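S.K.:
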Amino acid sequence: MLGKSVTAMENFTAEEIRAVLSAARKMKQIIRGGDKKLPNLRGKAIVNLFFEPSTRTRTSFELAGKYLGADVVSITGGTSSIVKGESLRDTLRTIEAMGVDAIVMRHKAEGAADYATQVVKPVIINAGDGAHAHPSQAILDLFTIEQHKGRLAELKVAIIGDVLHSRVARSDVYAMTKMGMEVHLAGPRTLLPRFFEFEGVTVHEDVDEAIRHADVINVLRIQLERQQAGLFPSTREYARVFGINEERLRLANDDVLILHPGPQNKGLEISSEVTYCARSAIQEQVQNGVAVRMALLDLTLNGGTK
Ligand code: NCD
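The numbering of the sequence shown is our numbering, which starts it at 840 and goes up by one.
1) Please confirm if the stretch 1007-1026 is in contact with the stretch 1037-1045, defined as three or more CB-CB distances below 8 Å between the two stretches.
2) Shorter than 6 Å, the distance from the beta carbon of Arg-1006 to the closest heavy atom of the ligand NCD, or not?
3) Hey, which unbroken runs of the alpha helix (DSSP H) at 4 residues or more fall wholly within the stretch 1073-1098?
4) Give the DSSP-derived three-state secondary structure of Gly-1128 in the structure shown.
5) Would Ala-948 and His-1004 be called neighbours here (beta carbons separated by less than 7 Å)?
6) Can you check whether the CB of Leu-841 is closer than 7 Å to the CB of Gly-1142?
7) Could you tell me the distance, in whole angstroms, from the CA atom of Arg-895 to the CA atom of Val-1002?
8) Since Phe-889 contacts Thr-930 with CB under 8 Å, what's their CB separation in whole angstroms?
9) Just to check my reading of the structure: Pro-911 and Arg-932 have Cβ atoms closer than 8 Å, yes? What is that Cβ distance to the nearest angstrom?
10) Tell me, to the nearest whole angstrom, how far the beta carbon of Val-845 is from that of Pro-974; I am working on the premise that it is less than 8 Å.
11) Looking only at its own chain, which residues have a Cβ that is under 8 Å from the Cβ of Gln-1062, when we skip the five neighbours before and after it?
12) The alpha helix (DSSP H) spanning Ile-870 covers which residue range?
13) Pick helix, strand or coil for His-1023, following the three-state DSSP scheme.
14) What I want to know is whether the C-beta of Thr-896 ends up closer than 6 Å to one or more non-hydrogen atoms of the ligand NCD.
15) May I ask whether a heavy atom of the ligand NCD can be found less than 6 Å away from the beta carbon of Gln-976?
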């Protein structure tokens, strides 16, 4: 994977996904070991370029690069010359001219990361482009599931909510089906896209049907900032019909694992009880995000640890 840009899960083979998961297991052990500083990316420079808000993804990419010994600089849309009208292309080329090895990028436009791979040479890691893709999130979801279930193949996962605007859902669907998981999607009809009608994916309008006997439930945030008016019922109606609460959880398997990429709208798509219940791995997802991003950076910038 040396030199590979990470823009979408569609560009990953199952074998590459397994390689990242395996590297992430080692990274997780290292983080737990106490001394987190590795020499793997010493002498490399990474710029985090974020044009959309982020807490988890930006911080974990920054820590991941630093734990591997790289120099990491984070800039946000609001603090860059984009506010003075500089184009994305010129911004990328300016960063490239400083000799960076990778650009981790989040942008509101679908295709922004792929565009970046065409205009500059550093490795591009997509940290979210509009409603299109969020590959590192999909891999950390797989990693968290595998840590709990010991496998991925044939597990039933239900992805619930605003599937239409979710780059997490899109990347999850491609990553999970590649790993042999059975994916069920459910949410309001207005928020369910048709482009997921392929093998391994079942689309439901009834949430209860999707989560019956599920091994994993991934609850999505309602992306009000990406929605046109009229797609969303009232918040009370949404919580009642589509929200994941303890009562609804009884339909799933007893050992169901609850995921949410964060940030959460508590009381809307997920209840507080579910967020904090024993089956929730939401905090662990955040922790695993650092290990997975270390694995991705090490594989693409260093060829992995021999
Ligand atoms: C997600 C994102 O930004 O796509 N969050 C994240 O990266 N953890 C999901 C979301 O914003 O709902």
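Beta carbons are placed, not taken as given, at the ideal position from N, Cα and C, and that holds for glycine.
As the structure is a computational prediction, the values presented were derived from the model and not from experiment.
M.R.: Put simply:
1) Counting Cβ pairs under 8 Å, three or more are found: they touch.
2) Sequence index remark: in the sequence shown, residue 1006 carries index 167 (1-based). Under cutoff, so the answer is yes.
3) Runs found: 1074-1081 and 1085-1088.
4) The residue labelled residue 1128 in the question sits at position 289 within the sequence shown. If DSSP states are grouped into helix, strand and coil, Gly-1128 belongs with the helices.
5) As a working note, residue 948 is residue 109 in the sequence shown. As a working note, residue 1004 is residue 165 in the sequence shown. 7 Å or more divides the Cβ of Ala-948 from the Cβ of His-1004.
6) As a working mapping, residue 1142 is identified with position 303 in the sequence shown. As a working mapping, residue 841 is identified with position 2 in the sequence shown. Less than 7 Å divides the Cβ of Gly-1142 from the Cβ of Leu-841.
7) Here residue 895 is taken as the residue at index 56 of the sequence shown, counted from 1. Here residue 1002 is taken as the residue at index 163 of the sequence shown, counted from 1. Cα to Cα, the separation comes out at about 20 Å.
8) Reading the sequence shown from its first residue, position 50 is the one you call residue 889. Reading the sequence shown from its first residue, position 91 is the one you call residue 930. Their Cβ separation, rounded to whole angstroms, is 12 Å, which puts Phe-889 and Thr-930 out of contact at 8 Å.
9) Taking the first residue of the sequence shown as 1, we reach residue 911 at position 72. Taking the first residue of the sequence shown as 1, we reach residue 932 at position 93. Sequence check: residue 911 is Val here, not Pro. Not confirmed; about 20 Å, so no contact.
10) As a working mapping, residue 845 is identified with position 6 in the sequence shown. As a working mapping, residue 974 is identified with position 135 in the sequence shown. Between Val-845 and Pro-974 the beta-carbon gap is near 5 Å, inside 8 Å, which marks them as a contact.
11) To locate residue 1062, count along the sequence shown from 1; it is residue 223. These residues qualify, in order along the chain: Ala-970, Asp-1001, His-1004 and Ser-1005.
12) Position 31 of the sequence shown, counting from 1, holds the residue named residue 870. Per DSSP, the unbroken alpha helix (DSSP H) holding Ile-870 starts and ends at 853-871.
13) As a first step, residue 1023 must be located in the sequence shown, where it is residue number 184. DSSP places His-1023 within a strand segment (E or B) once states are collapsed to three.
14) Taking the first residue of the sequence shown as 1, we reach residue 896 at position 57. Under cutoff, so the answer is yes.
15) Mapped onto the sequence shown, residue 976 falls at position 137. Correct: Gln-976 has its Cβ closer than 6 Å to the ligand NCD.
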